[in-house]
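Reviewing the structure listed below.
Residue numbers (my numbering), protein chains in the order written: chain Z, 2 to 100; chain D, 35 to 200; chain S, 122 to 762.
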């Protein structure tokens, strides 16, 4: 079968993640949506890697996972800190960094 | 072929549910389902190493961390969170749809003639895991080491941020 | 001759030491550095001049190249010093008189604040003046020219906590700038015409291209522009107004800068450029007329001044007028001769006046002095010598130089200049002895406190006075007039004037020259006698005379209202225009307005744009997505094509 269905699925996952990032208000949910976006991209990487018989795409997926792990660790720590200080999980409440 | 559509449908449905669920705990569970379905797709793509890592690291470690934090805070709360700009939600849906509408024709119009029709030769010959290992530790040695620094920084950052008073 | 550079370099070194370290040095060390550097400089200069004299007259022209200063395309300016008879006379006068005044300053300034600052400026002035006279091209001369102007400004404003001193400094600076514009334009015109700034190169070209006198032309333009510079620096009509105010500076400064050296720079420059002037008869005529008028006008103002230093200042202006008159009639060596003798006796007069002021505890008003003869005998004697010298009484220095000028004016066919000069000589004798009589004879008009304070000055002040007195007596003997012997001075200067187109002397009889000399002495004696009559014998008659000619007296004591006229014509319009148009209109309206306008525009647009930064992460994400969509649109349009 062709690579195209994989790419379309990847685009769909990415778009759903993107919509989620904007629509969701819960900080943790936004993080989950970001993970969704990353996985959408990962699918493209692996698909091209397999079809073109090149290993670099998979190596890149490996790095993406490392970044995702680091991001999750720091992001969740920030989430906990915000919750402790403001007793909320809504991103719209954390808006004092403005003009 | 059938397997792809099955797994793809599961992954997409789970992804939609991640966004659609009100409770973040359910969102996380649906994400795990999505990740596992993706792992199956990776197996279809003859990428066993990534598939394994996907389950072990992503669906295992990272998502457990998420669930930990969700449990720690307010797991089943469905209380509507405050929202400053309500129109952002509709705007997000509209713009996401627009992205998709633009992206899919883009993919369709792309010249894929140089991409083989099928997954080729990956399983044959030397093991894929070995090739990944060789690539990481030879070609990508410096980036690999830098990621270790990145993770160290993330650990320190998490520890500092997790302190009682910041 | 290799040591020529040392002559200006030593005072510069002294200035640097005193200026940079002076605050931490004890006063004796400061004095030693300041006077020592100038003294050694004088000895070096004297040695150089002696070896110059031993050469054959046509070889008395030494150029020492130090380094290439500016090299830009065809234009090359080198830092070169030129020693020839003209600059030799100048460096001897500058370093010699300068050294005596430095020594005098030790005594005069001993109680002043900023002692080191004073000597640092004074040494810097010596450096600049020596660069001016030693320069071998116009550009380097201009450096010295500006340098002495700067030092003059700094030293006039030495008592900067006194507003009048600051104002006088500014006035001197600004008026000099007006002259300098002319000077630098003249230099540029020289470069544009001859493609060089070297004295030698320019003058050689001139002597080849213009063998004889020419009519109105480029040379006349150059000469007049240069002369504008000279009127500023040497205080001639119309730019003389700064010099009397410059008396706000310490008295040694007045003696050194505003009597003996700096103000004569204009005369030196005109004589140095005599190859130009001698071929521009119209410019020469202007120089002669301006000089003569200045001499007469300043002398008349000097008649009625009551400030001892202002009398001397107007006298200086008057004597400088003489020098220009000499140059104007073509008697360049006579001008330099008078410059030299004038340096001696005018420095002596100023230093004597300083000694008097010192004794009087700062009082400068002649009407409050009197009877100082028995309190300050050395000052009295030396002042009388100087007054006799400036009045032109033989055999003192002034007689020979002044008579040379008058005789040259007559012999070159300018009887009018001779006549005015003769009258001015009488006026000079009168106001000089008025000053002497008012200061030293009659009853003591000062208050009781000052009277008890009266004392002769210390040796560091009186010794220079005595030396200068000796020079004032004998300084003229180097240039005896033709009917008394050989004018060695004029012969010595001749090599410096080799490119000058000297007009032919009419062979006149020695008897006529001697007769005119006797006449001028008689006029001077009449002036002295009149002063004696008015201020010693019948004291009230002076006031009576002033009352009888009240209008004339008022005109003179207000200095012909020149300052008021300048204020009304130039200063007030400039100030008003600056305030109303440039400040309130241009500066506040346009410049500030546009700057503030830019600020307000940015502020306004920022007020609109700041709402983009609303702190909402989802809003930022939306913007990112919007950007992505735009990028996709762009790429899509590329693919579709």
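Glycine included, C-beta positions come from ideal geometry on N, C-alpha and C. What you are looking at is a predicted structure, and each value in this text was computed from that prediction instead of being measured.
Inter-residue spacing [alpha-carbon to alpha-carbon] between residue i and residue j
i: residue 417 of chain S; j: residue 465 of chain S; result: 22 Å
i: residue 477 of chain S; j: residue 497 of chain S; result: 8 Å
i: residue 447 of chain S; j: residue 555 of chain S; result: 27 Å
i: residue 790 of chain S; j: residue 499 of chain S; result: Outside the displayed range of chain S (122 to 762) lies residue 790 of chain S, so it cannot be described from this structure.
i: residue 151 of chain D; j: residue 53 of chain Z; result: 10 Å
i: residue 393 of chain S; j: residue 618 of chain S; result: 8 Å
i: residue 298 of chain S; j: residue 727 of chain S; result: 48 Å
i: residue 633 of chain S; j: residue 232 of chain S; result: 54 Å
i: residue 347 of chain S; j: residue 563 of chain S; result: 47 Å
i: residue 62 of chain D; j: residue 720 of chain S; result: 51 Å
i: residue 114 of chain D; j: residue 20 of chain Z; result: 19 Å
i: residue 219 of chain S; j: residue 377 of chain S; result: 6 Å
i: residue 46 of chain Z; j: residue 12 of chain Z; result: 12 Å
i: residue 429 of chain S; j: residue 572 of chain S; result: 18 Å
i: residue 173 of chain D; j: residue 180 of chain D; result: 13 Å
i: residue 51 of chain Z; j: residue 161 of chain D; result: 13 Å
Min CB distance residue i to chain D below 8 Å
i: residue 759 of chain S; result: no
i: residue 99 of chain Z; result: no
i: residue 281 of chain S; result: no
i: residue 65 of chain Z; result: no
i: residue 747 of chain S; result: yes
i: residue 35 of chain Z; result: no
i: residue 750 of chain S; result: yes
i: residue 95 of chain Z; result: no
i: residue 12 of chain Z; result: yes
i: residue 753 of chain S; result: yes
C-beta neighbour in chain S for residue i, strict 8 Å
i: residue 89 of chain Z; result: no
i: residue 22 of chain Z; result: yes
i: residue 62 of chain Z; result: no
i: residue 19 of chain Z; result: yes
i: residue 9 of chain Z; result: no
i: residue 172 of chain D; result: no
i: residue 133 of chain D; result: yes
i: residue 161 of chain D; result: no
Distance between beta carbons of residue j and residue i, contact taken as under 8 Å
i: residue 224 of chain S; j: residue 585 of chain S; result: 5 Å
i: residue 323 of chain S; j: residue 308 of chain S; result: That belief does not hold up - the Cβ atoms of residue 323 of chain S and residue 308 of chain S are roughly 10 Å apart, past 8 Å.
i: residue 18 of chain Z; j: residue 38 of chain Z; result: 3 Å
i: residue 306 of chain S; j: residue 357 of chain S; result: About 18 Å separates the two Cβ atoms, so there is no contact after all.
i: residue 547 of chain S; j: residue 667 of chain S; result: That belief does not hold up - the Cβ atoms of residue 547 of chain S and residue 667 of chain S are roughly 19 Å apart, past 8 Å.
i: residue 522 of chain S; j: residue 449 of chain S; result: With a Cβ gap of about 16 Å, residue 522 of chain S and residue 449 of chain S do not count as contacting.
i: residue 375 of chain S; j: residue 507 of chain S; result: Going by Cβ atoms, the distance from residue 375 of chain S to residue 507 of chain S rounds to 14 Å, so no, they are not a contact pair.
i: residue 269 of chain S; j: residue 461 of chain S; result: That belief does not hold up - the Cβ atoms of residue 269 of chain S and residue 461 of chain S are roughly 18 Å apart, past 8 Å.
Proximity test, residue i beta-carbon vs the ligand ZN heavy atom, cut-off 7 Å
i: residue 399 of chain S; result: Absent from the structure shown: the ligand ZN. Ligands present: none.
CB contact below 8 Å: residue i versus chain Z
i: residue 737 of chain S; result: yes
i: residue 149 of chain D; result: yes
i: residue 139 of chain D; result: no
i: residue 108 of chain D; result: yes
i: residue 47 of chain D; result: no
i: residue 68 of chain D; result: yes
i: residue 734 of chain S; result: yes
Chain-ordered chain Z contacts of residue i [CB-CB under 8 Å]
i: residue 95 of chain S; result: Beyond the ends of chain S as shown, which are 122 and 762, falls residue 95 of chain S; an answer cannot be given.
Within chain S, partners of residue i - CB distance below 7 Å
i: residue 56 of chain Z; result: Within 7 Å Cβ-Cβ: nothing; residue 56 of chain Z doesn't reach chain S, min ~28 Å.
i: residue 61 of chain D; result: By Cβ distance, chain S contributes nothing, its closest Cβ being about 16 Å from residue 61 of chain D, past 7 Å.
Neighbouring residues, chain D, relative to residue i (Cβ below 7 Å)
i: residue 78 of chain Z; result: 191, 192, 195 and 196
Amino acids of chain S, ordered along the chain, whose beta-carbon sits closer than 9 Å to that of residue i
i: residue 143 of chain D; result: 757, 760 and 761
Contacts that residue i makes with chain D (C-beta to C-beta distance below 8 Å)
i: residue 70 of chain Z; result: 91, 95, 96, 185 and 188
i: residue 42 of chain Z; result: Ordered by position in chain D, no residue passes the 8 Å Cβ test against residue 42 of chain Z, which lies about 11 Å from the chain.
Closer than 9 Å at the beta carbon, the chain Z residues around residue i
i: residue 116 of chain D; result: 26, 89, 91, 93 and 94
Closer than 8 Å at the beta carbon, the chain A residues around residue i
i: residue 129 of chain D; result: The structure shown contains no chain A; the protein chains it does contain are Z, D and S.
The segment 187-207 of chain S in contact with the segment 142-154 of chain S per 3-pair CB rule at 8 Å:
Contact check between the segment 187-207 of chain S and the segment 142-154 of chain S: fewer than three CB pairs, one atom from each, fall below 8 Å, which does not count as touching.
Taking three-plus beta-carbon pairs below 8 Å as touching, is the segment 72-79 of chain Z in contact with the segment 39-56 of chain D?
Between the segment 72-79 of chain Z and the segment 39-56 of chain D there are fewer than three C-beta pairs closer than 8 Å, too few to call the two in contact.
The segment 35-45 of chain D contacting the segment 70-82 of chain D, beta-carbon criterion three pairs below 8 Å:
A contact between stretches requires three or more CB pairs, one per stretch, nearer than 8 Å, and the segment 35-45 of chain D meets this requirement with the segment 70-82 of chain D.
Can at least three beta-carbon pairs, one atom from the segment 167-186 of chain D and one from the segment 56-73 of chain Z, be found at a separation below 8 Å?
Under the 8 Å Cβ criterion, the segment 167-186 of chain D counts as touching the segment 56-73 of chain Z, having at least three qualifying pairs.
Inter-stretch contact at 8 Å, needing at least 3 Cβ pairs: the segment 566-579 of chain S / the segment 533-552 of chain S:
They do not touch, by the three-pair rule.
Could you say if the segment 653-671 of chain S and the segment 531-538 of chain S meet the contact criterion of at least three C-beta pairs nearer than 8 Å?
No contact exists between the segment 653-671 of chain S and the segment 531-538 of chain S.
Given 8 Å, three or more beta-carbon pairs between the segment 424-439 of chain S and the segment 167-179 of chain S
A contact is defined here as three or more CB-CB pairs under 8 Å, and the segment 424-439 of chain S fails this definition with respect to the segment 167-179 of chain S.
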